[in-house]
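Protein chains in written order, with numbering that gives the first Met the number 0: chain C, 0 to 333; chain U, 0 to 564.
Each residue gets a CB set at the ideal place from its N, CA and C atoms; glycine is no exception.
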Amino acid sequence: MLQYILRRLLALIPVWIGVSILVFALIRLIPGDPVTVMLGERARLADIERLREQMGFNRSIPEQYFEWMGRVLRGDLGESIFNRMPVMSELKQRLPATIEIVVVALFIGVIVGVSIGIISAVRRDSWIDVTAMFGALIGVSMPIYWLALLLIYALAVNRRIFPPSARLDVDLDVVRRTGFMLIDTALMGDRRLFLNALWHLILPASVLSTTVMPILARLTRSSMLEVLRQDYVRTARAKGLRENRVIIGHALKNALLPIVTVIGLQLGGLLGGALLTETIFSWPGMGLWTYRAILSRDYPIVQGAVLVSATIYVVVNLLVDISYAYLDPRIRYQ
Amino acid sequence: MKRWWPVLSLLVVLTMLLGACATPAPGAPQVVKETVVVEKEVVQTQIVEKIVEREVEVESDVTPAPEQLSGTFIVGRGGDSVILDIGPATDGESWRVSQEVNEPLVRLEGTSTKPIPWLAESWETEDSQTWIFHLRQGVKFHNGNPFNAEVVAWNIDRWKNPDNEYRFGRAFEYYDSEFGEETGIESVEVLDDYTVKITLMQPSAVMLAKLSLTGVFGMVDPQEVMAQGDKYGTAAGTIVGTGPFKFVEWVPDDHITLERNDDWWGGPPRLARIIFRSIPDNSARFAELQAGTVHQADLAQTDLPAAAADPNLTIYQTPPLSTGYIAFQQCIEPFDKLEVRQAVAHAVDWAALIEPFYGDYGEAAQSFQPPAILGHNPNIKQYEYDPEKAKELLAAAGLPDGFETDFWYLPVIRGYFPDSKPTAEAIAADLAKVGIKVNLQTEDWGAYLDDRNNGKFPMWMLGWGSDNGDPDNYLGWHFYHPIGEPKAEDCYANDKVAELIIQGRVEPDLAKREAIYQEAEQLIHDDAARISVVWVPGTVVMRNEVKGYLPVVFRSWYENLWLAK
Numbered sequence: 000m001l002q003y004i005l006r007r008l009l010a011l012i013p014v015w016i017g018v019s020i021l022v023f024a025l026i027r028l029i030p031g032d033p034v035t036v037m038l039g040e041r042a043r044l045a046d047i048e049r050l051r052e053q054m055g056f057n058r059s060i061p062e063q064y065f066e067w068m069g070r071v072l073r074g075d076l077g078e079s080i081f082n083r084m085p086v087m088s089e090l091k092q093r094l095p096a097t098i099e100i101v102v103v104a105l106f107i108g109v110i111v112g113v114s115i116g117i118i119s120a121v122r123r124d125s126w127i128d129v130t131a132m133f134g135a136l137i138g139v140s141m142p143i144y145w146l147a148l149l150l151i152y153a154l155a156v157n158r159r160i161f162p163p164s165a166r167l168d169v170d171l172d173v174v175r176r177t178g179f180m181l182i183d184t185a186l187m188g189d190r191r192l193f194l195n196a197l198w199h200l201i202l203p204a205s206v207l208s209t210t211v212m213p214i215l216a217r218l219t220r221s222s223m224l225e226v227l228r229q230d231y232v233r234t235a236r237a238k239g240l241r242e243n244r245v246i247i248g249h250a251l252k253n254a255l256l257p258i259v260t261v262i263g264l265q266l267g268g269l270l271g272g273a274l275l276t277e278t279i280f281s282w283p284g285m286g287l288w289t290y291r292a293i294l295s296r297d298y299p300i301v302q303g304a305v306l307v308s309a310t311i312y313v314v315v316n317l318l319v320d321i322s323y324a325y326l327d328p329r330i331r332y333q
Numbered sequence: 000m001k002r003w004w005p006v007l008s009l010l011v012v013l014t015m016l017l018g019a020c021a022t023p024a025p026g027a028p029q030v031v032k033e034t035v036v037v038e039k040e041v042v043q044t045q046i047v048e049k050i051v052e053r054e055v056e057v058e059s060d061v062t063p064a065p066e067q068l069s070g071t072f073i074v075g076r077g078g079d080s081v082i083l084d085i086g087p088a089t090d091g092e093s094w095r096v097s098q099e100v101n102e103p104l105v106r107l108e109g110t111s112t113k114p115i116p117w118l119a120e121s122w123e124t125e126d127s128q129t130w131i132f133h134l135r136q137g138v139k140f141h142n143g144n145p146f147n148a149e150v151v152a153w154n155i156d157r158w159k160n161p162d163n164e165y166r167f168g169r170a171f172e173y174y175d176s177e178f179g180e181e182t183g184i185e186s187v188e189v190l191d192d193y194t195v196k197i198t199l200m201q202p203s204a205v206m207l208a209k210l211s212l213t214g215v216f217g218m219v220d221p222q223e224v225m226a227q228g229d230k231y232g233t234a235a236g237t238i239v240g241t242g243p244f245k246f247v248e249w250v251p252d253d254h255i256t257l258e259r260n261d262d263w264w265g266g267p268p269r270l271a272r273i274i275f276r277s278i279p280d281n282s283a284r285f286a287e288l289q290a291g292t293v294h295q296a297d298l299a300q301t302d303l304p305a306a307a308a309d310p311n312l313t314i315y316q317t318p319p320l321s322t323g324y325i326a327f328q329q330c331i332e333p334f335d336k337l338e339v340r341q342a343v344a345h346a347v348d349w350a351a352l353i354e355p356f357y358g359d360y361g362e363a364a365q366s367f368q369p370p371a372i373l374g375h376n377p378n379i380k381q382y383e384y385d386p387e388k389a390k391e392l393l394a395a396a397g398l399p400d401g402f403e404t405d406f407w408y409l410p411v412i413r414g415y416f417p418d419s420k421p422t423a424e425a426i427a428a429d430l431a432k433v434g435i436k437v438n439l440q441t442e443d444w445g446a447y448l449d450d451r452n453n454g455k456f457p458m459w460m461l462g463w464g465s466d467n468g469d470p471d472n473y474l475g476w477h478f479y480h481p482i483g484e485p486k487a488e489d490c491y492a493n494d495k496v497a498e499l500i501i502q503g504r505v506e507p508d509l510a511k512r513e514a515i516y517q518e519a520e521q522l523i524h525d526d527a528a529r530i531s532v533v534w535v536p537g538t539v540v541m542r543n544e545v546k547g548y549l550p551v552v553f554r555s556w557y558e559n560l561w562l563a564k
């Protein structure tokens with residue numbers, strides 16, 4: 000098992016190299032560079048030349064790449080072109096905000112999505128099933144930014160049920176220890192702060208959860224339907240187990256394998272969705288940061304953020320693979 | 000019941016969706032809309048008086064009661080500040096915050112573009128080359144350190160000296176581009192504690208306007224910069240100045256908090272705190288303003304009509320300091336011919352573009368510089384809409400059947416061209432009627448600016464907003480070129496214009512200086528070097544409970560605001 004994990008972690012190296020080359024080249028292939036963005040309408044040829052030289056953009060791209068890679072290997076992701084802040088230290092501040100929203104969204108998505116899937120499978124072709132699957136179809140086709148704005152207007156402007164944006168009311172102060180608002184406020188032992196943070200989280204996380212919820216609902220339904228037809232389910236029922244036990248204990252556990260795989264794969268979608276969600280809800284995480292960096296061509300930030308996202312993606316999928324062994328005891332890693 | 004909880008959660012989701020479709024809740028308190036404060040006459044007065052030396056009459060807001068002096072004012076803006084170290088910053092969102100903390104020697108009056116004393120109480124110069132500034136005495140930085148002539152000398156060295164060890168690798172782009180290599184500050188001399196002598200490399204009539212430039216040349220505390228090192232001005236550090244508000248905290252991409260400086264030399268401001276929140280999405284920002292979670296928000300032009308209809312909001316207009324224009328590459332055919340440029344100018348009904356694309360928030364431009372800028376020439380009128388004349392001019396240029404060319408429109412939304420593609424289409428439709436076929440083109444903003452600089456566009460749209468109210472930053476910026484060396488972007492070769500601009504830079508007499516720029520404006524108009532389309536006023540949208548706001552240029556003067564309960 001340990002050997003397997005090590006092997007998978009080693010496989011990260013080619014992934015990193017591939018991703019780094021790709022992102023390094025792609026961001027530079029987009030027309031325009033930080034200098035013209037920085038100077039805007041006032042860009043004069045002489046100023047542009049001078050700034051390019053100062054920032055080292057007059058060198059060849061491979062030269063720039065190897066210099067950057069050299070720094071990355073020493074654990075230094077470089078610094079922002081615009082404010083000279085080290086990318087690493089900003090990353091540490093922003094990662095928790097994104098992880099918080101993604102984890103809560105995943106939580107909501109899994110709980111609601113899988114529940115809907117189970118009910119639909121159990122009550123196949125009933126009105127609940129039809130409604131849920133129709134809802135899932137709508138959910139999967141609804142653009143996140145549209146839903147987000149709709150909910151902001153409905154629940155934050157017209158009815159002041161939720162705050163329209165941010166992680167906490169601006170006049171509240173919190174001691175930042177971990178960067179996770181829910182944990183930090185809980186550590187302070189202040190119930191009001193914790194609830195305020197939670198209250199701010201619900202709307203954006205719910206919106207983000209719609210990227211996974213419909214897919215999980217449909218997948219759970221089909222996976223459950225297959226399992227429910229199996230002999231051992233009939234056996235379980237025949238020996239008089241309660242229906243709840245049959246569905247959760249016997250059917251669901253066996254139906255879970257493809258669901259868990261998809262949860263891992265959907266993480267990419269969630270990270271991408273976080274970019275839009277964070278932008279609309281002014282959520283100061285990786286998504287918003289990367290989005291702004293792409294617009295302003297802040298190369299080191301984009302490169303650093305993509306590298307870290309790729310790493311998260313690979314590691315989470317590794318965890319998913321490991322969890323197979325628990326879900327299906329027949330699976331063993333050599 | 001237990002079995003039903005997933006169903007319930009489904010219902011909750013559905014209810015949320017249905018709720019989203021509900022109509023706005025009625026019963027919001029009807030507040031009578033305030034009158035927009037700057038009236039048309041005021042702008043007109045500015046035209047007549049040129050350098051406006053009068054106060055704008057504000058409908059007298061009653062002075063706030065003492066209990067109203069504790070408000071937290073929240074600003075919603077599209078992006079976060081980049082860096083609060085005021086000198087190296089190059090973006091408006093950074094200065095917007097830092098200029099409340101760090102103050103320059105000279106500021107613009109606000110209701111006009113006239114320089115007024117700020118940290119410098121007075122100044123004298125005989126030749127526009129040597130400037131003596133007398134500093135305000137008894138001013139202290141927020142940490143208690145004194146502000147004096149040594150501080151000024153230290154700051155200037157940090158701007159101009161690339162080897163200064165406290166620059167932390169930051170480029171002082173604005174100093175470089177405003178003062179430049181040949182027009183920079185030669186030396187600074189501390190005459191006594193409160194007197195400093197600045198010698199320029201060349202005489203400059205623009206010196207004061209430059210120093211007032213939207214906050215760039217604010218004074219920072221040397222002790223603080225030295226102590227904080229490269230953290231100074233970043234989210235990991237702080238900033239310290241002499242201004243009406245003190246820096247409290249910066250949570251990147253979330254908010255920046257400032258608080259009242261009770262010891263400010265101008266007297267304590269009325270607001271207890273200002274919070275600048277970053278709300279990147281336009282619609283979300285507008286939603287927050289409507290919900291009352293922010294007091295002021297930067298809105299997209301397209302949201303202004305809806306804001307005007309909201310009884311809780313007031314839209315203030317500031318005098319136009321921005322021009323949207325069409326430019327030509329004059330080294331290539333056919334735009335090298337004056338008749339062709341004039342034909343384009345006559346072929347389009349420019350004034351008809353205002354109503355559909357700007358509504359109440361734009362004015363048909365007559366010349367390049369808007370009236371509030373010194374040297375605006377009131378005698379110039381926009382080329383008349385006359386397709387027949389356009390055809391005649393084309394025929395005179397040897398192109399009786401017209402021609403075909405590329406016309407580049409902006410890939411981004413700017414105040415001066417909020418809807419650039421439809422605007423370009425409308426222009427193209429008019430041009431087609433006289434036989435000029437334009438192919439509309441655009442590309443990424445960075446590339447657009449780059450290609451424009453390199454003179455790759457035959458005909459393109461762009462615009463400008465003044466940084467400091469000075470004509471050198473308006474006409475001068477666009478039309479200066481070394482004699483005999485036209486700029487690559489438009490290849491406009493009228494050396495007389497460049498000569499006038501060079502004269503304008505050093506002419507100390509205001510009336511003569513004005514005449515110089517007016518003459519240059521006339522030449523540019525006659526050459527049809529650019530076609531000015533629109534003058535765009537600034538718009539500031541605030542909730543009605545915000546009092547004391549004066550629609551002024553360049554700065555919000557937050558120290559005068561308060562919140563009515």
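Cutoff 7 Å: residue i Cβ touching any chain U Cβ
i         : result
Ser-281/C : yes
Tyr-298/C : no
Asn-82/C  : yes
Gly-178/C : no
Identity of the residue in the options nearest residue i by Cα
i         : options                                       : result
Ser-19/C  : Glu-48/C, Gln-63/C, Gln-2/C and Leu-1/C       : Gln-63/C
Val-173/C : Pro-114/U, Gly-137/U and Val-250/U            : Val-250/U
Gly-286/C : Ile-127/C, Leu-5/C and Leu-94/C               : Leu-94/C
Tyr-165/U : Asp-229/U, Ser-366/U and Glu-488/U            : Asp-229/U
Lys-159/U : Lys-336/U, Leu-199/U and Gly-401/U            : Leu-199/U
Glu-248/U : Gly-242/U, Val-224/U, Asp-262/U and Ile-273/U : Ile-273/U
For residue i, three-class secondary structure by DSSP
i         : result
Ser-531/U : strand
His-141/U : coil
Phe-65/C  : helix
Gly-257/U : Note that residue 257/U corresponds to Leu in the displayed sequence, not to Gly. DSSP places Leu-257/U in strand when its eight states are reduced to three.
Leu-571/U : Since the first residue shown for chain U is 0 and the last is 564, residue 571/U is missing from the structure and cannot be characterised.
Ser-80/U  : coil
Ile-131/U : strand
Exposure label - residue i; buried when at least 16 CB within 10 Å
i         : result
Asn-559/U : buried
Ala-305/U : exposed
Val-293/U : buried
Glu-172/U : buried
Ile-126/C : First, the residue type needs correcting, since residue 126/C is Trp and not Ile in the sequence shown. By the 10 Å Cβ count, Trp-126/C comes out exposed.
Gly-168/U : exposed
Gly-17/C  : exposed
Residue-chain proximity (residue i, chain C), Cβ-Cβ < 7 Å
i         : result
Val-138/U : no
His-254/U : yes
Tyr-557/U : no
Val-154/U : Looking at the sequence shown, residue 154/U is not Val but Asn. No, Asn-154/U does not count as interfacial toward chain C.
Tyr-548/U : no
Val-433/U : no
Glu-181/U : no
Asp-311/U : For the sequence presented, residue 311/U should be read as Asn rather than Asp. Chain C, which has no Cβ nearer than 7 Å to the Cβ of Asn-311/U, makes this no.
Gly-445/U : yes
Asp-449/U : yes
Residues bridged to residue i [DSSP beta-bridge criterion]
i         : result
Tyr-315/U : Val-539/U
Ala-296/U : Gly-75/U and Val-540/U
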